Amino acid sequence: MIKDINYYRLKFSPRSKFNKEGLNVSRSAGVAPNKPILLLSVIELIERSHITDNRIYLSPELIATFFKFWHELEIERKPDIGMPFFHLKRDGFWHFKSNLGHEYIESSQSKVRVRTVSGLRQAVEYAYLDPELFFLLKNPTSRNELILVLIDSWFSDKTQQLERSLSMDAFANISDELLTEGGRVYQREEIDTSDTQTAIVRDGAFRRIVTSVYGHRCAFCGLQILNNQENIVDGAHIKPFSKFYDDRINNGLSLCKNHHWAFDRFWFTINDDYTILVSDNLHEDSPHATPMKTFHGQRLLLPNNSSHHPRLDAIAWHRQTFLEKIA
Ligand SMILES: [Zn+2]
684 MIKDINYYRL KFSPRSKFNK EGLNVSRSAG VAPNKPILLL SVIELIERSH ITDNRIYLSP
744 ELIATFFKFW HELEIERKPD IGMPFFHLKR DGFWHFKSNL GHEYIESSQS KVRVRTVSGL
804 RQAVEYAYLD PELFFLLKNP TSRNELILVL IDSWFSDKTQ QLERSLSMDA FANISDELLT
864 EGGRVYQREE IDTSDTQTAI VRDGAFRRIV TSVYGHRCAF CGLQILNNQE NIVDGAHIKP
924 FSKFYDDRIN NGLSLCKNHH WAFDRFWFTI NDDYTILVSD NLHEDSPHAT PMKTFHGQRL
984 LLPNNSSHHP RLDAIAWHRQ TFLEKIA
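All letters in the sequence shown, in the order written, are residues 684 to 1010 by the working numbering.
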């Protein structure tokens, strides 16, 4: 069969005895709209140029977009992106690139089911579409046609909600809110530690904002590497989120991978005047990069807006733990 727009029109419509190519969804508790919602989410991210090559990661942006549609459509069950992300593989146009050691996930014969978001992120590097389909989705005209097929086939009674929803950038809204409010401290009971999806979105928004206020540079060494929409720095929590639930921007630091790792292990800390204090215990051999000890006594690179500077009580906590470790 030629994989043209008509082929994917059939693929995106419900499976029936008249359309054996159609999308196969569970109907045990009413029609489960997980797959069409995931497809709409992927298409939206292609339209927003968030997905630019044919690689679909289980990213904070994808999860936030999936949640947005889910809530907008007022579906009573809890959203779970893991199910459609895994099961779409059976529909023939959605494939997996596995992480090393998880090659079984690529095979269409595999009986192994990985449906949790954390399991999928471990096993799957990214999902990708048939190249023919990706090409059609990059083109605005065929993309709109396929969006309409999804809406007409699955959500014909909710077209207005969906149109409103499509114009809303969910992840940007979450991030902007964080930036406007300066972030927040959660109560322990607000945090469901088993809810990986929400944690990925929350962490993703924190990272996006913290790294952007630091100009995507490491506050310790100044490193900045940009590659399209990716960059090399993390949004590190000064007081760990797992203990303090503190997602305020001034509990954050933009750090490259090495210095994030070192900071979390208290290999260096920060004084109240934002100078760097490096542990004497490090034995470094660093022929091609500046050794950490060189930064001892230097001032951190800080955001322009002083309300985003690391909070003194947060760095005092970190320094106290550092001093206990080296004692
Ligand atoms: Zn660094």
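For glycine and all other residues, C-beta sits at the position ideal for the given N, C-alpha and C. Quantities reported herein were computed from a predicted structural model and do not represent experimental measurements.
Residue 903 has its Cβ nearer than 7 Å to a heavy atom of ligand 1. Relative to the Cα of residue 874, the nearest Cα in the group 765, 864, 885, 865 belongs to 885. In the DSSP assignment, residue 910 is bridged to 913. Straight-line measurement puts the Cα of residue 929 at about 8 Å from the Cα of residue 920.
Judged by DSSP secondary structure, residue 723 falls within the alpha helix (DSSP H) whose first and last residues are 717-730. Membership of residue 778 in any alpha helix (DSSP H) is not indicated; the residue belongs instead to the beta strand (DSSP E) covering 777-781.
Straight-line measurement puts the Cα of residue 736 at about 12 Å from the Cα of residue 912. In the structure shown, the three-state DSSP call for residue 942 is helix. Within the chosen limit of 7 Å, ligand 1 reaches the beta carbon of residue 941 through at least one heavy atom.
For residue 758, no beta strand (DSSP E) run applies, since DSSP gives it neither H nor E. If you look at residue 786, you'll find it isn't in any alpha helix (DSSP H); DSSP assigns it neither H nor E.
If the five residues before and after residue 992 are omitted, its C-beta is found closer than 6 Å to the C-beta atoms of 985, all from its own chain and listed in chain order. For the 8 Å CB-CB criterion, residue 751 and residue 684 do not form a contact.
If you look at residue 952, you'll find it in the beta strand (DSSP E) that goes 951-953. According to DSSP, residue pairing for residue 920 in a beta bridge involves 935.
Closest by C-alpha distance to residue 754, out of 954, 845, 826, 714, is 845. Relative to the Cα of residue 791, the nearest Cα in the group 935, 771, 915 belongs to 771.
In the structure shown, residue 980 adopts coil according to DSSP, grouped into three states. Within the same chain, and ignoring the five residues on either side of residue 808 in sequence, the residues whose Cβ sits closer than 6 Å to its Cβ are 780, 782. Counting the other Cβ atoms within 10 Å of the Cβ of residue 868 gives fewer than 16, which makes it exposed. Rounded to whole angstroms, residue 746 and residue 723 show a C-alpha spacing of 12 Å. Distances from the CA of residue 962 to each of 946, 855, 956 were compared; the closest alpha carbon is that of 946.
In this structure, the CA atom of residue 811 is about 13 Å from the CA atom of residue 788.
Our two residues, residue 825 and residue 690, have alpha carbons roughly 12 Å apart in a direct line. For residue 830, the CB contacts under 8 Å within the same chain, skipping 5 residues up- and downstream, are 723, 726, 849 in chain order. The three-state secondary structure of residue 774, taken from DSSP, is helix. For residue 1006, the uninterrupted alpha helix (DSSP H) segment begins and ends at 995-1009. Here residue 842 has 834 as same chain residues with Cβ atoms under 7 Å from its own Cβ, once five neighbours each way along the sequence are excluded. If you draw a straight line from the Cα of residue 982 to the Cα of residue 1002, it comes to about 15 Å. Contact between the stretch 763-777 and the stretch 707-717 is established, with three or more Cβ pairs separated by less than 8 Å.
813 is the residue among 757, 749, 813 whose C-alpha sits nearest the C-alpha of residue 774. Taken through DSSP and simplified to helix, strand or coil, residue 877 comes out as coil. DSSP, read as helix, strand or coil, puts residue 898 in coil.
In this model, residue 706 and residue 899 are separated by some 41 Å (Cα to Cα).
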